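For reference, the structure is listed below as structure tokens.
Residue numbers (this note's numbering), protein chains in the order written: chain C, 1 to 327; chain A, 328 to 618.
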């Protein structure tokens, strides 16, 4: 591990000041960054520990919640307001990692975690994300876990977060603070598709800090859930995951939210599914057509063709479950 | 003399991929002789990654062989000569571990696990995968279970750390969960056991606080019973390669069955005097086993 300096600022302004140093990185719980530093993938010259910053959850006037980015995954999942108003978020968090890691990990860190693509970790392999322009060994390699939507010839890695899939479905807002002041981004605009620059994973400007996430008031989210399909029952990354909320009024679908995990370089908001379902009468057939529409643009690789069918079926299963009144 | 990037941390040594630097500092001489064995075994990294999982072996052999390479004295020489990067090397840090205040000079890169094992000789917490996958390193920080291998020690200053050595009471009597592990054969080789124990204690506290899990039926409901499914899911961050899971589950289920042992307020208890590492380990008497 490279040597680094360490500071633990007391407020966001001080943290942003510290992060202006060349090679500085913000440090949350360290569950991803420390591991990457050990592997030599990340070599920060300075760590700015932001776990002492805002970790509170506050009520917004409209019934939404503002969540400080330093909150732990466990604390966020266990908050009564989150559990009751946004059950898909709680379920997404507790579907991720292990209890030990959820206790350490922070919300801000979760948003910025790096892909678990094995070629990204292996410094003997070519990886455009780790070393821009070097090539991608996953394209022709073992790519069972890789992306089927929105990938490019430069990168087929997936975003590993569960929590982020729920945030994409919930239309969360990301609050940022940097040397140029504060700004807010719609959650969907935070992460990027790989294109030709897979090393650029987010729209964050250099030194910018995620200070909070806002969840809008969304009554339909009370009937929402998250389902994760993986190689074992617990403690594994998603092959496919689905976060969904469904609002049915007078026998027709008034509103619906669907986002997918494990299939793309970013949490994948399934806008096609949503558009095809609004105004329809809920049925398995309708769900099947909508999910097929979303997956029609899928471009599977050698080993991950199964994900296309798996994603279709998981979307149908989750929507059927919600339509049946089961959270 | 430059020791910076070439100075192996505990992690590097464990991984077997360290650049081994040996610094000879002759008395009253300004001459430093440096031998660097760059990227020892680097070409065989995949093999070493496999070996890393038998970390106990790595630690005992590699460390004993090259222990001199990381003696603090050598690093201090460097610190005095390069004050600009002083923070990258040894820093005095204060910890609260098993009810005792500890002050140590350690490299900033030191993980909490390496601090415990190598600096403080609290070798209960084990290094299995060293990447947060196996749970053998689980300890409690302010009552919450964490993977000590992924934790930079510097972030845990001033927190209440409890390791398996801190679970017994001040008379050396085993924690009820430890006794239950003995009773139910909750281990075979024992390597995962300290992590399982700390993890289960933290798990019981999470359950009492109403933290839901993946298998919780209604996450909005208050009060979660410790069903077998809940227990197994909540302990999924602790692997046991011997396959002692049935005994482990039985011991935890019995210990934290409703109305039996409320999750213990360990940090608070540790302040009032848990068995310290200095007291050393001794086998429990028959009477204590029953208790």
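For every residue, glycine included, the Cβ atom is placed at its ideal position computed from N, Cα and C. Values in this document were obtained by computation on a predicted structure and should not be read as measured data.
*Using 10 angstroms around the beta-carbon of residue 4 (chain C), count the other beta-carbons present and answer buried if the total reaches 16, otherwise exposed.*
buried
*Less than 7 Å separating the beta-carbons of residue 135 (chain C) and residue 126 (chain C)?*
yes
*Quick one: does residue 19 (chain C) have its CB under 7 Å from some CB of chain A?*
no
*Please state whether DSSP places residue 186 (chain C) in a helix, a strand or coil.*
strand
_CB contact below 7 Å: residue 113 (chain C) versus chain A_ = no
_Tell me the DSSP secondary structure of residue 317 (chain C) in three-state form._
helix
*Note down, in chain order, all residues in the stretch 551 to 584 of chain A with a beta-carbon under 7 Å from any beta-carbon belonging to chain C.*
560, 561, 563, 564
_Environment of residue 362 (chain A) [buried if 16+ CB atoms lie within 10 Å]_ = Caution applies to residue 362 (chain A), whose pLDDT of 29 falls short of 50 and renders its modelled position unreliable; the value that the coordinates give is listed next. By the neighbour-count rule (16 or more Cβ atoms within 10 Å), residue 362 (chain A) is not buried but exposed.
*asked:* Given a cut-off of 7 Å on the beta-carbon distance, is the pair residue 100 (chain C) and residue 32 (chain C) in contact?
replied: No, Cβ-Cβ distance for residue 100 (chain C) and residue 32 (chain C) is not below 7 Å.
*List the residues of chain A whose Cβ lies closer than 8 Å to the Cβ of residue 30 (chain C), in chain order.*
477, 478, 479, 482
*Looking only at C-alpha atoms, which of C:75, C:222, C:97 sits nearest to residue 85 (chain C)?*
C:222
*Quick one: which unbroken beta strand (DSSP E) runs of 3-plus residues sit fully inside the stretch 43 to 95 of chain C? Chain order, please.*
Those beta strand (DSSP E) runs which fall completely within the stretch 43 to 95 of chain C and span 3+ residues are 46 to 49, 57 to 59, 65 to 68.
*Please decide whether residue 487 (chain A) counts as near chain C, where near means a Cβ-Cβ distance under 7 Å.*
no
*Which full runs of the beta strand (DSSP E) of 3+ residues lie inside the stretch 147 to 180 of chain C, going along the chain?*
173 to 178
_For residue 28 (chain C), the nearest candidate out of C:70, C:179, C:45 (CA to CA)_ = C:70
*Check whether the Cβ of residue 452 (chain A) lies closer than 7 Å to any Cβ atom in chain C.*
no
*Can the beta-carbon of residue 191 (chain C) be found less than 7 Å from the beta-carbon of residue 254 (chain C)?*
no
*Note the first and the last residue of the continuous alpha helix (DSSP H) segment covering residue 506 (chain A).*
503 to 510
_Runs of alpha helix (DSSP H) wholly within the stretch 268 to 309 of chain C (minimum 4 residues, chain order)_ = 271 to 277, 284 to 295
*So which residues of chain A does residue 87 (chain C) contact, with C-beta pairs closer than 7 Å?*
546, 547
*Could I get the ranges of all uninterrupted alpha helix (DSSP H) runs contained in the stretch 475 to 563 of chain A, with 4 residues as the minimum, in chain order?*
If we require 4 residues or more, the alpha helix (DSSP H) runs fully inside the stretch 475 to 563 of chain A come out as 503 to 510, 520 to 536, 555 to 561.
*What residues from chain C crowd round residue 530 (chain A), counting only those whose CB sits closer than 8 Å?*
99
*Assuming residue 258 (chain C) contacts residue 242 (chain C) under a Cβ cut-off of 8 Å, what Cβ separation, rounded to an integer in Å, is found between them?*
Under the criterion of beta carbons closer than 8 Å, residue 258 (chain C) and residue 242 (chain C) qualify as touching, at roughly 7 Å.
*First through last residue of the beta strand (DSSP E) which encompasses residue 235 (chain C)*: Neither: residue 235 (chain C) is in no beta strand (DSSP E) and is coded neither H nor E.
*Interface residues of chain A around residue 103 (chain C) at Cβ under 7 Å?*
471, 472, 473
*Enclosing alpha helix (DSSP H) for residue 107 (chain C) [first to last residue]*: 107 to 111
_So with CB distances below 9 Å, who are the chain C contacts of residue 533 (chain A)?_
Per Cβ cutoff of 9 Å: 74, 78, 99, 103.
*Is it true that the CB of residue 91 (chain C) sits closer than 7 Å to the CB of residue 235 (chain C)?*
Not a contact, by the Cβ cut-off of 7 Å.
*asked:* By the DSSP assignment, the beta strand (DSSP E) with residue 246 (chain C) in it spans what residues?
replied: 240 to 249
*Hey, residue 313 (chain A) and residue 512 (chain A) are a contact pair by Cβ (cut 8 Å); roughly how many whole angstroms apart?*
Given that chain A is displayed from residue 328 to residue 618, the structure contains no residue 313 (chain A) and the question cannot be resolved.
_Local conformation of residue 253 (chain C) per DSSP, three classes_ = Collapsing the DSSP output to three states places residue 253 (chain C) in a strand.
*Relative to the C-alpha of residue 78 (chain C), which residue among A:569, A:486, A:546 is closest?*
A:546
*For residue 162 (chain C), I'd like the list of residues in its chain whose CB is within less than 8 Å of its CB, leaving aside the five on either flank, ordered along the chain.*
92, 93, 95, 96, 226, 228, 238, 241, 261
*In its own chain, which residues sit with a C-beta less than 7 Å from the C-beta of residue 277 (chain C), not counting the 5 before and 5 after it?*
253, 256, 286, 290
*residue 205 (chain C) by DSSP, collapsed to three states: which one?*
coil
*Please confirm if residue 234 (chain C) has its CB atom under 7 Å from at least one CB of chain A.*
yes
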